[in-house]
Structures are given as structure tokens and as C-alpha cells.
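Novice: Counting in my numbering, the sequence shown runs from 1 upward without gaps.
This structure is in C-alpha cells; I'll ask about it shortly.
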Amino acid sequence: MSESNPTTVAVCDFCSATESINWRYPCKDFDDKSAGWGSAGGWAACESCHHSIENGMWATIERRAKRGREAVWPLIAPSIRTMWAEFRRNRTGPAHFTGRETR
Ligand SMILES: [Zn+2]
């Protein structure tokens with residue numbers, strides 16, 4: 001996934017939410033050329049996905065990611081699950097808080 005910068009809208013790399021993108025997970029680059037996808041750099045996560053990732057609640061993340069894409073989900077789910085598995089394997093450390101402090 002790509003590094004966010006001020007000119008692009010932050011999107012959660014897990015569920016595609018565009019709000020509360022407060023976390024970034026460091027991750028090694030990986031790609032699967034046979035499948036035609038890959039990942040470069042860290043993964044952005046919204047507040048909800050961060051909570052789910054920290055608690056290993058991948059079924060909850062999948063429910064959120066599926067929202068609005070029910071029609072194509074059976075087609076894309078295998079790739080997405082593989083991506084997440086690769087993310088878990090290639091993740092290099094704890095999440096960094098990148099959002100705005102609310103305290
Ligand atoms: Zn999310």
C-alpha cells in the first residue's frame with residue numbers, strides 16, 4: 001500500500017474507510033506477481049481496524065471490508081484474505097499513531 005501524503009485522501013488499507021485513519025503498520029514490501037498484486041510500505045488502518053487487528057478479530061475486519069462490495073466479495077475475498085495473511089507475515093512492528101490527538 002502507498003504512503004499517505006497531504007494531497008491524497010487517507011483510506012484504510014483494510015476496510016477502505018476514509019475516516020479516523022489514525023494508525024500505520026510498518027510492513028515489508030511483498031508481492032505476488034502471479035496474482036498481479038503486491039504491497040509497498042506501511043499499511044494505514046482506521047481506528048476500528050486497529051482495534052480489530054490488535055485483538056486478532058479478522059472476521060470483524062472482513063465484515064467491514066465486505067460492506068458495499070457484497071456482489072463482488074466472493075470473487076475478491078480469496079485475494080484479500082491472502083493479502084491480509086501476507087500482511088501478518090510481513091508486518092515488522094507495532095502500529096504507529098498517525099492521527100490527531102484528541103486529548
Ligand atoms: Zn478500517
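Using N, Cα and C, we set each Cβ at its ideal position, and we do this for glycine too.
My guess is that G38 and D32 are in contact by the Cβ rule of under 8 Å, so how many angstroms apart are they, rounded?
Specialist: For this step, residue 38 is matched to residue 38 along the sequence shown. For this step, residue 32 is matched to residue 32 along the sequence shown. About 6 Å separates the two Cβ atoms, so the contact holds.
Novice: Go through its chain and collect everything with a Cβ distance to H50's Cβ below 8 Å, but skip five positions before and after it.
Specialist: The sequence position of residue 50 within the sequence shown is 50, counting from 1. Result list for H50: N22, W23, A95, in chain order.
Novice: Considering only heavy atoms of ligand 1 and the C-beta of each residue, which residues fall inside 5 Å, strictly closer?
Specialist: The filter returns C12, F14, C15, A17, C46, C49, in chain order.
Novice: With a threshold of 8 Å on Cβ separation, who are the neighbours of S20 within its own chain once the five nearest residues in sequence on each side are excluded?
Specialist: Position 20 of the sequence shown, counted from the first residue, corresponds to residue 20. Closer than 8 Å at Cβ, skipping near neighbours: C46, E47, S48, G99.
Novice: Give the secondary structure of F30 by DSSP, where H, G and I count as helix, E and B as strand, and everything else as coil.
Specialist: Position 30 of the sequence shown holds residue 30. F30 falls in the strand class under three-state DSSP.
Novice: Please say whether A44 and A85 have beta carbons closer to each other than 8 Å?
Specialist: Translated into positions along the sequence shown, residue 85 becomes position 85. Translated into positions along the sequence shown, residue 44 becomes position 44. Contact: no.
Novice: Could you round the C-beta distance between F14 and A65 to whole angstroms and report it? I think they count as a contact, below 8 Å.
Specialist: Looking up residue 14 in the sequence shown gives position 14. Looking up residue 65 in the sequence shown gives position 65. About 6 Å separates the two Cβ atoms, so the contact holds.
Novice: With R91 and C12 assumed to form a contact (beta carbons below 8 Å), what rounded beta-carbon distance in angstroms separates them?
Specialist: Taking the sequence shown and counting its residues from 1, the one referred to as residue 91 is at position 91. Taking the sequence shown and counting its residues from 1, the one referred to as residue 12 is at position 12. That pair is no contact at about 16 Å.
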